[in-house]
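Single-structure report; data block below.
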Amino acid sequence: GAIAGGAIAGWASQYIGRRLTIIICILLVAAFIPLWIIPDDFSGLAAGAFCIQFGVQGAWGVIPIQLAEMSPPAFRATFPGVAYQLGNMVSSASAQIEATGGDNLKTTRIGADGQPEPIPDYATVQGILIGVVAAYLLIVTVLGPENHGSHFEKHRAAFEEGGGEDDAYIQEDGTNAGPSTMRARDEESGSAGSVDEKREDHGVEKA
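Heads up: the sequence shown is residues 1 to 207, going by UniProt numbering.
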């Protein structure tokens, strides 16, 4: 499910956008939470797990590229990387949260002696947990920005000379074609002409 969801959602996001793809996958997750926890046979649980993993990897697999497109081009790898590690830090408490939830939510099963015995209801706890996470991601995605189609790969990295400027795009000859750089060249050479004209001369289209 995760492999199929990641591949299909990643492909679809190129055409319908990152946000819409994430929203569709989150709704898919929400719709199949009952199938993930209610069945008491293997085939039913397997079908629910497949659908949940399809939606989870579909949504969370698209998030890195969405973050990279929204980040400052020079920090296109650092921005989503730090965001993911902060998320891992916050989610590291999930095991303790689920254990505490299991202590407070109980269900029963028939023991070896034929009598019902209380056990932690981890199915309900996990259903609530993934539902809360999905709702949070849905809200953040709907209210957040999108910069679909950002060609950040054409921008200099932060450690390269001039990479900190927003206009530090790389030309075919490997030189910096940003207006700031062209302005400095004009001052040195004393040549006239607007920045936009110089951008066109260097093969950089106006935004």
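Beta carbons: idealized from backbone N, C-alpha and C, even for Gly.
These figures come from a predicted structure and were not determined experimentally.
- If you draw a straight line from the Cα of Ile119 to the Cα of Gly101, it is about 12 Å long.
- Burial of Gln57 is indicated by the presence of at least 16 other C-beta atoms within 10 angstroms of its C-beta.
- Assignment of Glu117 by DSSP, reduced to helix, strand and coil, places it in the strand class.
- Leu143 counts as exposed, since fewer than 16 other C-beta atoms from the protein chains shown sit within 10 angstroms of its C-beta.
- For Pro34, the number of other beta carbons within 10 angstroms of its own is below 16, and it is reported as exposed.
- Listed in chain order, the non-local C-beta contacts of Thr124 below 6 Å within the same chain comprise Leu105, local neighbours out to five positions each way being set aside.
- Rounded to whole angstroms, the gap between the alpha carbons of Ala49 and Ile37 is 9 Å.
- As the crow flies, the alpha-carbon of Asn147 is around 10 Å from that of Arg19.
- Residue pairing from DSSP places Ile110 in a beta bridge opposite Pro116.
- Between the stretch 84-102 and the stretch 2-9 there are fewer than three inter-stretch CB-CB distances shorter than 8 Å, so the stretches are not counted as touching.
- Ile38 sits in coil when the DSSP states are folded into three classes, being neither helix nor strand.
- Contact check for Ile26 and Ala134: beta-carbon distance about 5 Å, within the 8 Å limit, so the pair qualifies.
- Our two residues, Val82 and Ala9, have alpha carbons roughly 23 Å apart in a direct line.
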